[in-house]
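The listed protein sequences derive, respectively, from chains A and B. Quick note on the numbering used here: the first sequence kicks off at 191 and runs consecutively. Quick note on the numbering used here: the second sequence kicks off at 108 and runs consecutively. We put the beta carbon where it would ideally sit given N, CA and C, even for glycine.
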Amino acid sequence: MPTITLDHISKSYGPGPAAVRDVSLQVAAGDFMCLLGPSGCGKTTILRLLAGLEHLTTGALHVGDRVVDSPEAGVFIPPERRRLGLVFQSYALWPHMSVAGNVAFGLQVQRMPKAEIATRVARVMQTLGIAQYADRYPSQLSGGQQQRVALARMLAVNPDVLLLDEPLSNLDATLRLEMRTELRRIHQEFGTTIVFVTHDQWEAMTLATTIAVMKDGALQQTGTPDDIYARPTNSFVARFIGNPPINMIDAASPLGQRLAGQNAIQAAIVGIRPEAVTLTQSGLPARVLSIMPTGGSWLIDLALDADRLLLSTQTRPNLHNGQSVGCAIAPQDIHLFDIHGTRLPQPALTGSTVPQSIPMRQTQEDLL
Amino acid sequence: MRTMPSPLWGAKIRRSIAMGWHDPTTLIGVLLLVTFLWLILAPVISILTDMFFVQMGDARRVGAETGAFTFYYLDRILLSPMAGFLFWGPLRETVINAALSMMIAMILGSGLAWLLYRTDMWGRAWFSTALIVPYMLPSWTFALAWTTVFKNRTIGGQPGWAEAAGLSPPDWLAYGQVPVIVIMTLTYIPLVLLLVGNGLRRIDAQLEDCARVLGASHGTVARRIVIPLLRPALLSAAVLIFADAIGEFAVPYVLGLPVQYEVLSTSLFRAISSRQTGAAAVFAGAIMLIGIMSICLDLYLMREARRFVTIGGKGAMDRTRRLGRWRAAATGVAGTFFVLGVVLPLTVLFISTITYIPGRLNIENFTLDYWIGRDLDTIALRNGILFTPELWQAAWNSVSIVGLASLASGLLGLLVGYVVSRTSWPLLGAALRQLAFMPYMVPGIAFAAAYLSLFAVARGPVPPLYGTIWILMLALIADQMPFASRSGIAAMAQLGRDPEEAARVAGAGWWKRMFRIIGPIQRTALVIGVLMPFVSGIKGVSLFIILATPSTDVLTTYSLRLIDYNYTQAANAVVLIIALIAWGGTFLVQKLTRTGLGDGLGG
């Protein structure tokens, strides 16, 4: 199973900003890589470049030790010879072929003997639970079933790499959950390298082994889901990942200055995840503005003088609006970003301004 | 104890009246239904029954009372020793013409569509509009241009250019089947181009991308994905063209008359002109039957095609094929079609209107007399065509009759759409939709004959309408209903009920809702629903040739009359004027919709 290497690739369509700008990325064999970003950030373009449906403007693409696209080297391997699988967002099932016909197409193109095609088609349809629809036409299937056919069609040819373009976005919530489990199973069962495009952070966090966050055609951060959540490389990634969203506090405000500590001079923004805020008796004085239950957890809107802070907790709060409380934040949970949004080192644990913000669990119990 | 139904009944009726008053959808629906039964169904039934009853003046020949039941007409036209000459010959010619011109147009048109939409041929954007131009011109423009060039000594009048140049074109080239097929092919190519081109563009690019990712070559993608997906569009185009070709009248009329070349539509015309109503009914019935069979086939194919509905998606892989050194050749082919289909015929017609003697291109032979001359040395038509009051009368008739009829059918179409999308009686909606669509199955010339059969004499409160503009107007309205109702239904279905219901809740009555909400929203739909029928009505011949009299001449019949009297230059000038109006109207539609003609035809 080959490693995919994106070597400073760019893609532009005529004048204007490029769709993909100088992206370098490596997808290891067996990886489940998620390209995550808001719509229009160039993630689908990267997928189409990988598949060979678009041509690079600059840079080079390697699959294993084979160059598949490089304007400098004058190499372009067309999509039909890349041995990749691509599942489209709209599934792109051929409406004039039965389900079995759709799944068999890739093998027929390879001129595989008929008997072998039949066994392989049967096996892959069995695995995906669509064997009973073999003779139906795509328009007679539900969205979830169509999705499975689209997957089966690509898995049948046993591709080196499976590319998925927002494959779950056309499904309803229940089916999405089901297909997500299914995808994880396929990844483990077939051992295929998967590159998955999505704008849904929840999907990315639950599925991926590696996430690459993109914005405006440029790569922002690559890392494991935990890594990206815990150490966002810039304020965009910090804001984009996490729900409820991270608190972003102006470093010049009284609260911001206090939290930023020694780094207050370089810092422009202080980021605090809502679940990193804890309630204490003696911490920073705050007032409860409102309490919003979200089913299973609660969001508490706090006012600290002119600053606002959103707190998220798994324990039912025993509070009322307007009540005065104290709150605390662990130093390792404080994210600092400079004026360009780039991450700064975390404030030191020692120093006279910080001790107050160490959580005091015993008093929190009384309050909640 | 007795039950007391009366207060309950009274309340029910009061309630129904109140509801009908404020929401007259059903009332309008019923009125429309009655109108369509009278304007569309009644004429067709009338002419179909005509063939079974002894017609006026035939009593002695048939040997039965006028109005008695008889199989005389069917027997005479279909079975008598004359039948081969009267019916089966023209039927064979009709079917051969329609089938051959359809097949050649399909092959050439599909090839051109592929060049236009899937290759890197030069000037594709320009050609995609330029090659549609023949569709905007009346089909017999080409027939006239053909005779202008190839007319030989077989008939009198001014000779053609070939004859003037010393070549004597044989009859088979000058008249009859060969030129009819060539010209009909030429006029159908743009239609194929539109329908197939639309199909090509509508195929989701991802369907092709996906096949290529799986390892399919260009050829395999074309063979296994593109062509099977296009099949419904191809078949539908073929059937529509065939059905249209069956009813084609003007081209075989202009080119067939000199050599007694007959097709069903010209036979029908001849029967009507010689007042053989019963025979005309048989011809009209035959044409209708072929038309109905074709359209039923098309509807069946379209239902099959519904399985092929796909979700459109993004994906914009460059689907064009590099032609390499064939690029120039391909551009040449498209250019040739433009020259043959547009430049040559129009130039020939124009030059013929500014020369005394056809085909002689020396300077003394040129003149503007036929356009703007005065006191010419001719028996009639002593002034140039632009100074002839009959032309302006005919032009005014064309524009006013066709214009009013189009306006009426556009409004009726929107009303049909309104009722179909609103009514709570599915039967009423279905009946309106089917009835409004019916004229589509009846070729214009047969429909005109049907009108003549119903409206030539007084029926009940309706006086005889033949010779008035009303028969033309009503026939046009009915003939345009298929397109008008389809666009009305589409527009209303798209709009949905919400905007109107919101207005209702806000306190607006029915008229206010129509004029303040529905009207303004559907303005564009209405303009298109009026302009499209206007264009086809202006260049249409078949309805007018049967229903117009010299006092109600329109441009098309006026120019055919001029041809009959051998005023070639004047006739060609009138045709150029018609072409100009038709082209202007189409151009306007395209500007207004920004979508191009193709999309209007696809549905």
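Beta carbon of residue i nearer than 9 angstroms to that of residue j
i        : j        : result
B:VAL202 : B:ILE379 : no
B:ILE334 : B:VAL509 : no
B:TRP617 : B:PRO131 : yes
A:MET223 : A:ALA402 : yes
A:ASP523 : A:ILE431 : no
B:VAL151 : B:PHE445 : no
A:LYS559 : A:THR247 : With chain A represented from 191 up to 558, any question about residue 559 of chain A goes unanswered, as that position is not in the structure.
B:PRO245 : B:VAL648 : yes
B:ALA441 : B:LEU219 : yes
B:VAL303 : B:ALA271 : no
A:ASP197 : A:GLY249 : yes
A:LEU373 : A:ILE384 : yes
B:MET588 : B:ALA543 : yes
B:ALA175 : B:PHE192 : no
Backbone CA spacing between residue i and residue j [nearest angstrom]
i        : j        : result
A:PRO464 : A:PHE527 : 17 angstroms
A:GLN452 : A:ALA496 : 22 angstroms
B:ALA281 : B:LEU408 : 38 angstroms
B:GLY136 : B:PRO568 : 23 angstroms
B:ALA118 : B:ALA609 : 28 angstroms
B:LEU341 : B:ALA212 : 11 angstroms
B:TYR665 : B:LEU498 : 8 angstroms
B:VAL416 : B:THR133 : Model confidence at B:VAL416 stands at a pLDDT of 47, short of 50, so the residue's coordinates are unreliable; what they give is reported in the following sentence. Spanning the two alpha carbons is a distance of roughly 33 angstroms.
A:GLN216 : A:LEU352 : 15 angstroms
A:GLN513 : A:ARG477 : 6 angstroms
B:PHE257 : B:LEU451 : 13 angstroms
B:GLY536 : B:GLY691 : 35 angstroms
B:VAL527 : B:ILE596 : 7 angstroms
B:ALA423 : B:GLN313 : Low confidence applies here, because B:ALA423 scores a pLDDT of 44, under 50, leaving its location unreliable and the question unanswered by this model.
A:ALA394 : A:VAL427 : 13 angstroms
B:ASP660 : B:SER560 : 20 angstroms
A:ILE439 : A:VAL460 : 5 angstroms
B:PRO550 : B:GLY626 : 32 angstroms
A:HIS510 : A:SER502 : 16 angstroms
B:TYR547 : B:TYR295 : 18 angstroms
B:PRO713 : B:PHE356 : Because chain B is modelled from 108 through 710, residue 713 of chain B falls outside the range shown and cannot be assessed.
B:GLY517 : A:GLY334 : 43 angstroms
B:PHE390 : B:LEU375 : 6 angstroms
Residue i classed as buried or exposed, judged by whether at least 16 other C-beta atoms fall within 10 angstroms
i        : result
B:ASN472 : exposed
B:GLY448 : buried
A:SER332 : exposed
A:ILE455 : exposed
B:ILE124 : exposed
B:TRP253 : buried
A:GLY381 : exposed
B:ASN504 : buried
A:SER480 : exposed
Residue interval of the alpha helix (DSSP H) (run including residue i)
i        : result
A:ARG370 : 363 to 380
A:LYS201 : Careful: A:LYS201 lies outside any alpha helix (DSSP H), inside the beta strand (DSSP E) at 194 to 201.
A:SER488 : Here residue 488 of chain A is Trp; the residue named in the question, Ser, does not match the sequence. That residue, A:TRP488, is in no alpha helix (DSSP H); its beta strand (DSSP E) goes 488 to 494.
B:THR663 : 662 to 671
B:MET291 : 284 to 309
A:THR235 : 233 to 241
A:GLN447 : 444 to 450
B:SER343 : 334 to 353
B:ALA269 : 268 to 271
B:LEU223 : 196 to 225
B:ARG167 : 166 to 169
Closer than 9 angstroms to chain E by CB, residue i
i        : result
A:SER280 : Although the question refers to chain E, the structure presented lacks it and instead comprises the protein chains A and B.
Residue interval of the beta strand (DSSP E) (run including residue i)
i        : result
A:ILE384 : 383 to 388
A:LEU225 : 222 to 226
A:LEU526 : 524 to 527
4 or more residues per run - each alpha helix (DSSP H) lying fully within the region 267 to 314 of chain A: 289 to 299
Alpha helix (DSSP H) segments (min. 4 residues) lying fully within the region 518 to 580 of chain B: 533 to 544 and 551 to 562
Inside the region 587 to 673 of chain B only - alpha helix (DSSP H) runs reaching at least 4 residues: 605 to 612, 630 to 646, 649 to 654 and 662 to 671
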